[in-house]
Amino acid sequence: MKVLVVGGGGREHALVWKLKASPLVSSLYCAPGNPGIANSATCVPIAASDVAGIVDFAKQEGIGFVVVGPEEPLTLGIVDALAEAGIPAFGPDKSAARLEGSKGFMKDLAAKAGVPTAKYQRFTDAEAAKAYIRAEGAPIVVKADGLAAGKGVTVALTVDEAIAAVSEAMEDGRFGAAGAEVVVEEFLEGEEVSFFALVDGKTALPLIGAQDHKRAFDGDQGPNTGGMGAYSPAPIFTLEMERRTMEEIVLPTVRTMAAEGCAFKGVLFAGLMITKAGPKLIEYNVRFGDPECEVLMRRMQSDLFPLLVASQKGTLGDVDVRWWEDPALVVILAGAGYPGEPKKGGEITGIEAADSVDGVMTFHAGTTTKDGKLVANGGRVLAVTAMAPTLAEARTAAYAGVDKIQWADGFCRRDIAWRALG
């Protein structure tokens, strides 16, 4: 079957790499892709958010299945548009994608489903939000309701910081329409874990957990980012914790979505806080995480393609998924200035040398070519992954790979997996 992957980041490179190994995939395309993806698939210069352009290309090329990577095209209704054209796609339709597209919708849905989550209030009036913050005190969390590229959440340690976050979103318009409404919720104490399950509208198939590193700098310092590294498995996410997450969070959500007339199909990414009382839901995303996807794909032993098709067809009960026992770890190389305005255009060399390190594989996240040279073209630019028999060995290998890459404007955290390894 001809398969099209939508997107052009590290997540999509990992998905393309995994799909290329499937004997069921005859031809692989990616829109828009990147120079790393171009080694495994035919890249098509169509933006991931260009729904009409992607549908037209899929029809013209006879694409049999589309795998949607990023959240934006999902919230724009790309799966609906492809379905109208008779092309099956992996991912939720526009109605179900609201689980990520609107944090308010997600919180209301979780409340209906009885899912354990932080106490919250929704606000469309800035002064009302500020008054609520003053009454509740800090620490407290302020979230832009809509999509903000992973940058719309402020974990405020003081009331002033929280009020400033409300002003930034609702009065200064930092996130555009995404910040016209905010969700203010209680601060949860514990360790964050990312957990993934494939869903076909009624059945949920658990995948695995990973631990992401959101802050830009070592020791969890600096601003929140889209993720500076991840590893899997996370020791805190035990089999018992997975069982509770499925029973208390994922399955009630799947049932409630179906009852509300917006059945969910695709991958459900539960951002969890492991508290003293057990797992609590922080947020849902409706796509594979980035950089978590890079470690998930490294660890997945099964053929990915039949799993994605089963999610779309409603036949997840007929499949299972197997994993390599070896842990995987990913280090993100980002451009100086990220998560603000990153430095772009700097030449990158040494990726082949990095990939020559035993167990290392580099995925491209924000690269392009200029005058025949590979250059940086984004905030998060490279995802250096490693697998090894132990997490410590995987971390050593990943950083050995990082150190072989030459890029003057790049930086990374040097403490990925610090919670597990110290």
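Per the numbering used here: the sequence shown = residues 1397 to 1818. The beta-carbon is built from N, C-alpha and C at its ideal position, and this holds for glycine as well.
Considering only residues of the same chain and omitting the five flanking positions on each side of residue i, which have a CB-CB separation below 6 Å?
i     : result
K1769 : E1743
A1444 : V1402, G1403, P1466, P1469
E1581 : A1514, Y1516, V1537
G1586 : M1669, I1670, T1671
D1489 : V1475, D1476
Determine the direct distance from the alpha carbon of residue j to that of residue i, and round the result to whole angstroms.
i     : j     : result
F1633 : K1610 : 18 Å
F1501 : D1754 : 45 Å
K1398 : K1598 : 27 Å
G1542 : N1681 : 12 Å
Q1617 : I1670 : 20 Å
A1540 : S1752 : 42 Å
I1474 : C1658 : 15 Å
V1447 : A1434 : 21 Å
V1698 : V1717 : Residue 1698 is actually Ser in this sequence, not Val. Looking at the two C-alpha atoms, the distance is approximately 6 Å.
M1566 : E1748 : 46 Å
E1636 : K1740 : 44 Å
P1631 : A1804 : 35 Å
V1549 : A1612 : 14 Å
K1416 : G1762 : 21 Å
A1492 : E1457 : 28 Å
A1788 : G1818 : 10 Å
R1640 : P1602 : 12 Å
With residue i and residue j assumed to form a contact (beta carbons below 8 Å), what rounded beta-carbon distance in angstroms separates them?
i     : j     : result
T1786 : A1794 : Actually they are not in contact, since the Cβ atoms of T1786 and A1794 sit about 13 Å apart, beyond 8 Å.
W1720 : I1604 : Not quite, the Cβ-Cβ distance comes to about 10 Å (not below 8 Å), so this is no contact.
V1705 : F1519 : Not quite, the Cβ-Cβ distance comes to about 41 Å (not below 8 Å), so this is no contact.
L1729 : V1777 : 5 Å
P1735 : T1621 : 4 Å
R1791 : D1614 : Between D1614 and R1791 the Cβ distance is about 13 Å, and since that is not below 8 Å, they are no contact.
W1413 : M1783 : Actually they do not touch by this definition, with Cβ atoms about 13 Å apart.
D1686 : G1406 : 6 Å
R1365 : F1701 : No information on residue 1365 is available, as it lies outside the stretch 1397 to 1818 that the chain covers here.
T1765 : V1771 : 7 Å
Is there at least one Cβ from chain B nearer than 8 Å to residue i's Cβ?
i     : result
L1495 : This model lacks chain B altogether; it includes just one protein chain.
For the beta strand (DSSP E) containing residue i, name the first residue and the last one.
i     : result
K1821 : Any property of residue 1821 remains undetermined from this structure, which presents the chain solely from 1397 to 1818.
F1759 : 1756-1760
T1550 : 1549-1552
V1726 : 1724-1731
What residue range does the alpha helix (DSSP H) around residue i cover?
i     : result
M1819 : No answer is possible for residue 1819: the residues shown for the chain start at 1397 and end at 1818.
M1637 : 1635-1641
K1508 : 1499-1509
F1453 : 1447-1457
G1797 : 1787-1798
T1378 : This structure cannot settle anything about residue 1378, because the visible part of the chain is limited to 1397 through 1818.
Quick one: what's got a C-beta closer than 7 Å to residue i's C-beta in the same chain, skipping five residues either side?
i     : result
S1707 : F1486, L1594, V1595, D1596, K1661, G1662
G1497 : T1471, G1542, L1543
E1688 : S1590, A1606, D1608, A1626
P1629 : I1604, G1605, P1723
So, for residue i: in the same chain, excluding its five sequence neighbours on each side, which residues have a beta-carbon less than 8 Å away from its beta-carbon?
i     : result
A1534 : A1552, L1553, T1554, V1555, E1557, A1558, F1583
E1656 : L1505, K1508
V1798 : V1727, L1729, A1750, V1780, C1808
I1812 : H1609, M1624, G1625, A1626, Y1627, L1725, V1726, V1727, R1791, A1794
G1575 : A1540, D1541, G1542, A1544, G1548, E1564, A1565, M1566, G1569
Exercise for the section: Evaluate contact between the stretch 1418-1429 and the stretch 1438-1458, counting only Cβ atoms and requiring at least three cross-stretch pairs below 8 Å. Expected result: yes
Practice task
Would you check if the stretch 1644-1653 and the stretch 1550-1567 touch, i.e. whether three or more CB-CB distances between them fall below 8 Å?
Solution key: no
Practice task
Specify whether the stretch 1469-1485 and the stretch 1414-1422 touch according to this definition: at least 3 beta carbon pairs, one from each stretch, less than 8 Å apart.
Solution key: no
Handout entry: Touch test, the stretch 1511-1520 against the stretch 1668-1678, Cβ-Cβ under 8 Å, three pairs minimum
Key = yes
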